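Sequences listed follow chains A and B, in order.
Last residue of the first sequence: number 139 in my numbering, and the count goes up by one each step with no gaps.
Last residue of the second sequence: number 176 in my numbering, and the count goes up by one each step with no gaps.
Report on the following structure.
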Amino acid sequence: EPEVTQTPSHQVTQMGQEVILRCVPISNHLYFYWYRQILGQKVEFLVSFYNNEISEKSEIFDDQFSVERPDGSNFTLKIRSTKLEDSAMYFCASREQSSYNSPLHFGNGTRLTVT
Amino acid sequence: RKEVEQDPGPFNVPEGATVAFNCTYSNSASQSFFWYRQDCRKEPKLLMSVYSSGNEDGRFTAQLNRASQYISLLIRDSKLSDSATYLCVVNMGNRDDKIIFGKGTRLHILP
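What follows is the structure, encoded as structure tokens:
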């Protein structure tokens, strides 16, 4: 069964550094998402991406964050000037099409630790 | 009203019991509804989509009440393996692309 893959599984970075989290969505999927989950808290929507542009973004997704689909397979989340509070699990997800019952498929996540 | 609100947990129920989860959502125009489960430190996994007429998948039954903006999940004959956090998920966007999770309800099935 096709799956969403994320790399790395764990990223440790120093405060103030930039990180890029990588995702390969399922190949025939058209919609891509990033979510964040701080330990013990809810899964928070960051951004959705369709047709090479951002569709929706949350209040969390400020100028510190950016997304890109640099080629036909990868979907990346860049976090500039990381802060301690950016430490979280970051999940990438994709979905096939915009029909009302098309569910999200998640990757295993990248655990980001900012020290 | 919060975008997606769920019962606070945790629920501790004996094996074999029936357990029900409730969820309300704020956007009356929402069209897509799902239940996901999440095991500790793992990614959310789709349990079932929720259809307007209600739907069943084995021991699991989902219901949607659009008038009340309310979704439910019923688990019958609960198993130890059902222990997880259950997440209510609603598409809040105008173009099906702002999919919001509730805080989740933790379920512990007791032997």
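The beta-carbon is built from N, C-alpha and C at its ideal position, and this holds for glycine as well.
None of the values given here were measured: they were computed from a predicted structure.
### Message
My assumption, with CB atoms under 8 Å, is that P109 of chain B sits in contact with Y101 of chain B. Please give the rounded CB distance.
### Response
4 Å
### Task
Could you tell me if R60 of chain A is buried or exposed, where buried requires 16 or more neighbouring beta carbons within 10 angstroms of its beta carbon?
buried
### Query
Do L111 of chain B and P26 of chain A have their CB atoms nearer than 7 Å?
no
### Message
Looking at M113 of chain A: is its Cβ nearer than 7 Å to the Cβ of G96 of chain A?
### Response
no
### Query
Can a CB atom of chain A be found closer than 7 Å to the CB of D122 of chain B?
no
### Task
Can you give me the start and stop residues for the beta strand (DSSP E) that C47 of chain A sits inside?
43 to 48
### Message
Within 10 Å of its beta-carbon, does Y57 of chain A have 16 or more other beta-carbons around it, so buried, or fewer, so exposed?
### Response
buried
### Query
Using a C-beta to C-beta distance shorter than 7 Å, which residues of chain A count as neighbours of L111 of chain B?
P127
### Task
Determine the closest residue to V67 of chain A out of B:L172, B:V154, B:H173, B:P176, with distance taken between C-alpha atoms.
B:V154
### Query
For the stretch 76 to 100 of chain A, which residues have a beta carbon sitting closer than 7 Å to at least one beta carbon of chain B?
S79, E80
### Task
Note down the Cα distance separating Q88 of chain A from R104 of chain A, rounded to an integer number of angstroms.
5 Å
### Query
At least one CB of chain A closer than 7 Å to the CB of D72 of chain B: is that the case?
no
### Message
Given this structure, state the Cα-to-Cα distance separating S70 of chain A from S90 of chain A, to the nearest angstrom.
### Response
What sits at residue 70 of chain A in the sequence shown is Leu, not Ser. Each residue's Cα considered, the two are about 10 Å apart.
### Cβ neighbours of F99 of chain B in the same chain (closer than 6 Å, five flanking residues each side left out)
S114, V154
### Task
Alpha carbon to alpha carbon, how far is T106 of chain A from V36 of chain A? Give it in angstroms, no decimals.
11 Å
### Query
For R141 of chain B versus P75 of chain B, is the C-beta distance shorter than 7 Å?
no
### Query
Given a threshold of 16 other Cβ atoms within 10 Å of its Cβ, counted over all protein chains shown, does L152 of chain B qualify as buried or as exposed?
buried
### Task
Take V84 of chain B as the anchor and find which of B:R106, B:K144, B:E68 has the nearest alpha-carbon.
B:K144
### Task
Report all residues from its chain with a CB closer than 6 Å to the CB of E120 of chain A; omit the five preceding and five following residues, and keep chain order.
H53, S126
### Query
Under 7 Å between C-beta atoms, does V48 of chain A make it to chain B?
no
### Query
Helix or strand or just coil, what does DSSP make of D147 of chain B?
helix
### Query
For Q71 of chain B, which residues does DSSP report across the bridge?
B:C88
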